[in-house]
Structure formats: structure tokens, C-alpha cells
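Numbering (the UniProt record's numbering), first residue to last: 1 to 459.
Listed below in C-alpha cells is the structure:
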């Protein structure tokens, strides 16, 4: 597929997802006529440049230097290329200036012995970086995308050059980081291209993507979790041998071993379904996988967690409703006490929004042990349409309570005004009666009474 194209000096330059740059005679194209069978016109390019294998060019831009034949190309597979399009015998080969991952980072870990970092993504590559020198040391490519990555701790590999990578086809690979002279890289003080990743061992314990990899604290057991709802255990050594596997209620999100300070060695399995399984570490000496690797008798505990976000919001609404109700009750009692009238109006209880529990539940994000028998969990915040509707209903209920409160306050003020007006009316009638009982020569005239009435009303 042709991506961008440019017109330079009467020549049309095209680049495509095949990783080739081609130059065409634009004048010949503009005057071309299709054959009698259709509008198709075939011609050969003037020049072409093959950038490299597995290159998908998506954008090109010319150097800002005048009279320069240098172009910079963006590779959709995660690279920036420098191209010399002079098409002479002295033209240098395409140069890859920068190399990146394609898509989201699926696995990342750092070395405990040095300032090195390893990453993997679904672009089928594993990269090692020196993050102090801010450069890439090496890249290895595989047949499947990477989904999990763990740098072996020093208790497992003293040199700090062992990586465990999980892939989307269920394969786990042990990769050793070396320099070109087969010496393990233990620091980042090596130039780019000197390092390399070599395959030490590969095995396929799962039928779906490997989503988590974790070493036991003492470094004797490796656990791998997968989207196929299984956790597999291996003995750690010169060769990693299988111990067995267990089934868990959902796809594995993360694995967390208990710290070395705990008396018992346990594994915390976090599932995307909201389940947490705590399983005892298998005994690597007594397992006998002659018939099956399924560890059905391995002691475990299972927990199911639900979202409490809606319940917390509902409790907040209840607390505010209760506070407003107490305030209104107190104001009403004071008003009834002043008015000396019986309370005939009964308040209706407001219907609160129901508690919403998302189904399926929000997946677990991460977790860790805080102390023996206790652990912390973090769940992914996921707003579904139903939850948004529930939140809107709760907001509307809150606004209605506030509106009712303002309406009640307005009614109290109106009632107080009416009480004052009633007292003034009684006082005015008494003044009128007293005025009528006075002798005629000192009695006030009606127009004076109207002025008095107007003054009273204004007050």
C-alpha cells in the first residue's frame, strides 16, 4: 500500500508499506493513456531504494539543508530512518537512527545488579536499555509477541544477566544477556551493539498468553500465570523442570510471592475476574508428576472481591440526607414552638438510589502482602454505562434533597412573614376600634386612616 508521496523536480516519489522508496517520471504519468481493456497503465520506476526487511514506511520528510538528498522516514514498525535518495554509486545505505517498540509496553523490569532495563511488546521484540546512558543495548525478535517479562533476581543469577520472557502463544523463554565475547553484561558500560540476548531454555506451559512471571523469594521456584486461567510452577536451576500447575477462577493478572519475613511461603494470584487465590508453595521434592502435572491437592484459599464504589457514594448520600433531615427537624420544632400549632404534615422518606455492583466486576490491577495473612489490592476503575446512569441518579437525588431543603427554608420564611402580618392585622383592627370609640372631634378621618394603613403595610 502506497503511503505518502512527494513531487520533486518533475519526479514523483512514493513510499509504501513494503519498505521501498520508488521514483517515477511524473511527465510520463501525466500524459499516459490507459489500454483498450481499461484504465490501467503500467510503467517501471526510474529509481528505487529498498530500506530494509520488515520495514513499513508511513511518512517521509526532506532535510532542511539546501541541495541535500537526505530524507528522514518514519517506520510503522518502530524506527526512524535516514535515507540518501541521490541514487548514485556513492550513496550510503539506509541508516536506522532510532528504534522503538510498536504499541503498548506489555512487560518491563529492571536489573537488580545494574542500571539496565528490559521491555517487551506485541511487536515480537525484547529490548534491553541502559537508562543512565539513555541508549538501547540490544534487540531480539521472536515469532510471537511478548506479554510478560521478569529480570531474575541475584539469588537466582548472580551475574544479573538472566531474563524470563512470556509470549502470547504460551511459551516462556529464558534469555541470557551477553556481550559479543560471550561475557555476561553486568553493567551498562558497553557500547551499543556489543550486547546480545541468547536463548538458554524454552518451554510451553500454557495454551494462551503468559501474563505474569514471578520468582519465589528464595529463588528456588518460578511461577508463571496465563490467560488460560492456570498457574504453572517450575524448579529453578541449570535446567528449569516443571513441578505442576493449578487452575484459578479467571485469567491471571499478576503474581505476588510472600516476603521472606513471612513464616509461610505463599503465592498470591490476582485474577482479572476479581478473584484472588492464595496458594501454598509446592514442595519441589515430593511432587511426582508421573500421571499428571495438576496439583489438585495443593492447599489454597480463594476470595471474590466486588466494587464498593457505589456503596461508598450511597453512604455519602445517606449521611448528607441524615444531616439535612436533622437540621430541618430542628428548624421545624422551633417554628411549631413559636406558632403553637400541631404538626399535621408528615414528611415522606426519600427513596435512595440502589447499590450498583458492576457485572462483570472491575479487574484487579495489582496487589501485595502487607503482613502475614493480610494484603492490599488495587482494582481497575471502569465506568460502564450502567454505572454512569447510577451516578447520574445519585447526583439527581442529591440535587433534589438540596432543592427540598431550600424549599423548606423558603416555607419557613414565608410562615414567619405571615405570622408577623397576622399580628399587624390584629393590631391594626384594634387601632381602628379604638379610633371609632373616641369622641368625634378627636377621631381620625378616613383618609388619615388610609395613610396609616399604607404606612403599616409598608412596615
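Note that beta-carbon positions come from the ideal geometry of N, C-alpha and C, so glycine has one too.
- Considering residue 27, what are the terminal residues of the alpha helix (DSSP H) in which it resides? Here residue 27 refers to the residue found at position 27 when the chain shown is read from its first residue. Residues 26-30.
- Message: Distance check for residue 31 and residue 67, CA to CA, integer angstroms please.
- Response: Position 67 of the chain shown holds residue 67. Position 31 of the chain shown holds residue 31. If you take the alpha carbons of residue 67 and residue 31, they lie about 29 Å apart.
- Query: Alpha carbon to alpha carbon, how far is residue 231 from residue 76?
  - Reply: As a working mapping, residue 231 is identified with position 231 in the chain shown. As a working mapping, residue 76 is identified with position 76 in the chain shown. Rounded to the nearest angstrom, the two C-alpha atoms are 35 Å apart.
- Would residue 121 pass as a contact of residue 128 if the rule is Cβ separation under 9 Å? Position 121 of the chain shown, counted from the start, is the residue given in the question as residue 121. Position 128 of the chain shown, counted from the start, is the residue given in the question as residue 128. Going by C-beta atoms, residue 121 is not nearer than 9 Å to residue 128.
- Query: What is the rounded straight-line gap between the Cα of residue 257 and the Cα of residue 219?
  - Reply: For the purposes of this step, residue 257 is taken as the residue at position 257 of the chain shown. For the purposes of this step, residue 219 is taken as the residue at position 219 of the chain shown. So the alpha carbons of these two residues sit roughly 11 Å apart.
- Item | Distance CB(residue 276)-CB(residue 268) smaller than 9 Å | By one-based count along the chain shown, residue 276 stands at place 276. By one-based count along the chain shown, residue 268 stands at place 268. Going by C-beta atoms, residue 276 is nearer than 9 Å to residue 268.
- Note down the Cα distance separating residue 527 from residue 177, rounded to an integer number of angstroms. With the chain covering 1 to 459 only, the question about residue 527 has no answer from this structure.
- Message: Quick check: what's the CA-CA separation for residue 51 versus residue 13?
- Response: For this step, residue 51 is matched to residue 51 along the chain shown. For this step, residue 13 is matched to residue 13 along the chain shown. Their Cα atoms are separated by approximately 14 Å.
- Message: Quick check: the region 131-145 against the region 210-228, are at least 3 beta-carbon pairs closer than 8 Å?
- Response: no
- For the beta strand (DSSP E) containing residue 241, list its first residue and its last residue. As a first step, residue 241 must be located in the chain shown, where it is residue number 241. From DSSP, the beta strand (DSSP E) with residue 241 extends over 241-247.
- Message: Quick check on the burial criterion: 16 or more other C-beta atoms within 10 angstroms. Buried or exposed for residue 253?
- Response: Translated into the one-based positions of the chain shown, residue 253 becomes position 253. The residue in question, residue 253, is buried, as its Cβ has 16 or more Cβ neighbours within 10 Å.
- Own chain residues within Cβ distance below 8 Å of residue 367, not counting five before or after: Within the chain shown, residue 367 is the residue found at index 367, counting from 1. Within the same chain, residue 367 has close Cβ partners 254, 256, 268, 270, 276, 375, 376, 377, 378.
- Using the C-alpha atoms, what's the distance from residue 173 back to residue 103? Position 103 of the chain shown, counting from 1, holds the residue named residue 103. Position 173 of the chain shown, counting from 1, holds the residue named residue 173. Each residue's Cα considered, the two are about 21 Å apart.
- Query: Cβ of residue 223 versus every heavy atom of the ligand COA: is any distance shorter than 8 Å?
  - Reply: This structure lacks the ligand COA, and indeed carries no ligand of any kind.
- Measure how close the beta-carbons of residue 164 and residue 222 come, nearest whole angstrom, since I'm counting them as under 8 Å. Here residue 164 refers to the residue found at position 164 of the chain shown. Here residue 222 refers to the residue found at position 222 of the chain shown. Rounded, the Cβ-Cβ distance is 7 Å, consistent with contact.
- Residues that DSSP places opposite residue 366 in a beta bridge: Counting from one through the chain shown, the residue named residue 366 turns up at place 366. Its beta-bridge partners are 378.
- Query: What did DSSP end up calling residue 82 once you bin it into helix, strand or coil?
  - Reply: Within the chain shown, residue 82 is the residue found at index 82, counting from 1. Strand.
- Message: Please classify residue 315 as buried or exposed, where buried requires at least 16 other C-beta atoms within 10 Å of its C-beta.
- Response: Numbered from its first residue, the chain shown carries residue 315 at position 315. Under this definition residue 315 is an exposed residue.
- Query: Any idea what DSSP makes of residue 458, helix, strand or coil?
  - Reply: Counted from its first residue, the chain shown places residue 458 at position 458. Note that residue 458 scores a pLDDT of 40, beneath 50, so its modelled location is shaky and nothing firm can be said.
- Task: Could you check the C-alpha separation between residue 371 and residue 196 for me, to the nearest Å?
- Result: The residue labelled residue 371 in the question sits at position 371 within the chain shown. The residue labelled residue 196 in the question sits at position 196 within the chain shown. Residue 371 and residue 196: Cα-Cα distance of roughly 40 Å.
- Task: Could you give the DSSP three-state label for residue 256: helix, strand or coil?
- Result: As a position in the chain shown, residue 256 is number 256, starting the count at 1. If DSSP states are grouped into helix, strand and coil, residue 256 belongs with the strands.
- Message: Going by the DSSP bridge assignment, what does residue 151 pair with across the sheet?
- Response: Working through the chain shown from its first residue, we reach residue 151 at position 151. For residue 151, which the question treats as bridged, DSSP gives the partners 163.
- Just curious, the beta strand (DSSP E) that residue 206 is in, first and last residue? The residue labelled residue 206 in the question sits at position 206 within the chain shown. Unbroken run through residue 206: none, as it is neither H nor E.
- Query: Are residue 294 and residue 244 close, meaning C-beta to C-beta below 9 Å?
  - Reply: The residue given as residue 294 occupies position 294 in the chain shown. The residue given as residue 244 occupies position 244 in the chain shown. Taking 9 Å as the Cβ cut-off, residue 294 and residue 244 qualify as a contacting pair.
- Task: Could you name the residues of the same chain whose beta carbon sits closer than 8 Å to that of residue 124, not counting the 5 residues immediately before and after it, in chain order?
- Result: As a first step, residue 124 is located in the chain shown; it is residue number 124 there, counting from the start. Closer than 8 Å at Cβ, skipping near neighbours: 141, 142, 143, 144, 145, 146.
- Task: Just grab the DSSP bridge partners of residue 109 for me.
- Result: Position 109 of the chain shown, counting from 1, holds the residue named residue 109. Bridge partners of residue 109: 118.
- Message: Let me confirm a value: residue 130 is counted as buried when at least 16 other C-beta atoms fall within 10 Å, else exposed. Which label applies?
- Response: Within the chain shown, the letter at position 130 stands for residue 130. It counts as buried.
- Task: Give me the Cα-Cα distance between residue 80 and residue 99, rounded to the nearest whole angstrom.
- Result: In the chain shown, counting from the first residue as 1, residue 80 sits at position 80. In the chain shown, counting from the first residue as 1, residue 99 sits at position 99. Each residue's alpha carbon lies about 7 Å from the other.
- Task: For residue 445, name the three-state secondary structure that DSSP assigns.
- Result: Counting from one through the chain shown, the residue named residue 445 turns up at place 445. Residue 445 falls in the coil class under three-state DSSP.
- Other residues of its chain near residue 105: CB distance less than 8 Å, five sequence neighbours each side excluded: Translated into positions along the chain shown, residue 105 becomes position 105. Closer than 8 Å at Cβ, skipping near neighbours: 119, 120, 121.
- Could you round the C-beta distance between residue 246 and residue 300 to whole angstroms and report it? I think they count as a contact, below 8 Å. Mapped onto the chain shown, residue 246 falls at position 246. Mapped onto the chain shown, residue 300 falls at position 300. With a Cβ gap of about 7 Å, residue 246 and residue 300 count as contacting.
- Item | Opening and closing residue of the beta strand (DSSP E) in which residue 262 lies | Here residue 262 is taken as the residue at index 262 of the chain shown, counted from 1. Run containing residue 262: none; DSSP gives neither H nor E here.
- Message: On the DSSP bridge list, what partners appear for residue 303?
- Response: Numbered from 1 along the chain shown, position 303 holds the residue referred to as residue 303. Residue 303 is bridged to 276.
- Sequence-distant residues of its chain with Cβ nearer than 6 Å to residue 6 (five each side left out): By 1-based counting over the chain shown, the position of residue 6 is 6. Cβ within range, chain order: 13.
- Query: Between residue 40 and residue 55, what straight-line distance do the alpha-carbon atoms span, to the nearest angstrom?
  - Reply: As a first step, residue 40 must be located in the chain shown, where it is residue number 40. As a first step, residue 55 must be located in the chain shown, where it is residue number 55. Each residue's alpha carbon lies about 28 Å from the other.
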